[in-house]
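Q:
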Amino acid sequence: MSHVLQFDDKMDITEKFQQLIVSKPFPTFENFKQTLKLFTELTGSQFTIKRRMRHKTNAPMRDAHIFRCVTYACICTFSTECEVFFHIESKGKCIRVTQFYMTHNHEIIYNPAFEEDDSTYDVQCDLTDHFEEMFPEKCFDTFDEFWNKLKEFQAEVYT
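Count along the sequence shown starting at 1, add 45, and that's the number in the numbering used here.
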């Protein structure tokens with residue numbers, strides 16, 4: 046697939062994004078990824094995960110939604126300082142887009158070499174519960190206080 050979309054100054058794909066993604070609730074993360082793939086095929090716009098936060102181990106929607114929230118960014122963010130992004134959140138029984146900006150500052154050229162492949166990401170040990178137990182307070186008076194607590198946590202989990 047080779048896409049080159051022409052534009053005058055900026056490439057605004059807001060309308061197509063609203064039609065295909067923003068307007069829909071997604072019952073599973075897999076369902077969302079399939080729709081994002083369709084959006085990429087139609088527009089040539091490609092995204093990478095910038096930030097993500099997994100659901101807690103015992104969260105009711107963890108298996109279906111996987112993440113509590115994910116922020117995606119244009120793959121050209123670093124090379125062109127493109128500000129295109131969107132943020133999804135697990136809300137109730139569905140995943141929804143909660144924020145987005147879809148006006149690229151560059152020509153959209155589909156890069157077939159780019160693949161957002163998360164299959165190699167394998168969590169060997171989820172330490173969330175242990176972390177929550179050791180860090181009931183998320184606020185510290187000094188950086189040293191935080192640093193010492195973090196070292197204590199690391200010593201406990203890596204021994």
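Cβ coordinates follow ideal geometry from the N, Cα and C atoms, glycine included.
By Cβ distance below 7 Å, which residues in the same chain neighbour Met-147 in space, the five residues on each side in sequence not counted?
A: If we look at Met-147 and ignore the five residues flanking it on each side, its Cβ neighbours are Asp-57, Ile-58, Thr-59, Phe-62 and Val-129.
Q: Leaving out five residues on either side along the sequence, give the residues of the same chain with a beta carbon under 8 Å from the beta carbon of Glu-197.
A: Correct list, in chain order: Met-179.
Q: What residue from Asn-156, Ile-133 and Phe-112 has the CA that sits closest to Phe-145's CA?
A: It is Ile-133 whose Cα lies nearest to the Cα of Phe-145.
Q: Using beta-carbon positions only, say whether Met-106 and Lys-78 come within less than 8 Å of one another.
A: No. Outside cutoff.
Q: Relative to the alpha-carbon of Val-67, which residue among Lys-95, Thr-102, Thr-143 and Phe-112 has its alpha-carbon at the smallest distance?
A: Among Lys-95, Thr-102, Thr-143 and Phe-112, the Cα nearest to that of Val-67 is on Thr-143.
Q: So is His-175 buried or exposed if we call it buried at 16+ other beta carbons inside 10 Å?
A: Exposed is the call here.
Q: Do you know offhand how far Asp-108's Cα is from Lys-194's?
A: Asp-108 and Lys-194: Cα-Cα distance of roughly 31 Å.
Q: Within 10 angstroms of its Cβ, does Thr-102 collect 16 or more other Cβ (buried), or is it exposed?
A: Counting Cβ neighbours within 10 Å, Thr-102 comes out exposed, since fewer than 16 surround it.
Q: Report the three-state DSSP secondary structure of Ile-120 (helix, strand or coil).
A: Coil, per DSSP.
Q: Beta strand (DSSP E) containing His-132: first to last residue?
A: Per DSSP, His-132 belongs to the beta strand (DSSP E) from 130–136.
Q: Pick helix, strand or coil for Gln-91, following the three-state DSSP scheme.
A: Coil, per DSSP.
Q: Thinking C-alpha only, which one of Arg-97, Lys-55, Phe-112 and Leu-83 is nearest Thr-73?
A: The shortest C-alpha separation from Thr-73 is found at Phe-112.
Q: Rank Gln-91, Lys-136, His-110 and Glu-190 by C-alpha distance to the C-alpha of Cys-121 and give the top, closest one.
A: It is Gln-91.
Q: Please state whether DSSP places Thr-85 in a helix, a strand or coil.
A: Helix.
Q: Checking the sheet assignment: what are the DSSP bridge partners for Met-98?
A: Answer by DSSP bridge pairing, in chain order: Cys-114.
Q: Thr-187 lies in the alpha helix (DSSP H); which residues open and close that run?
A: First-last for Thr-187: undefined, no H or E at that position.
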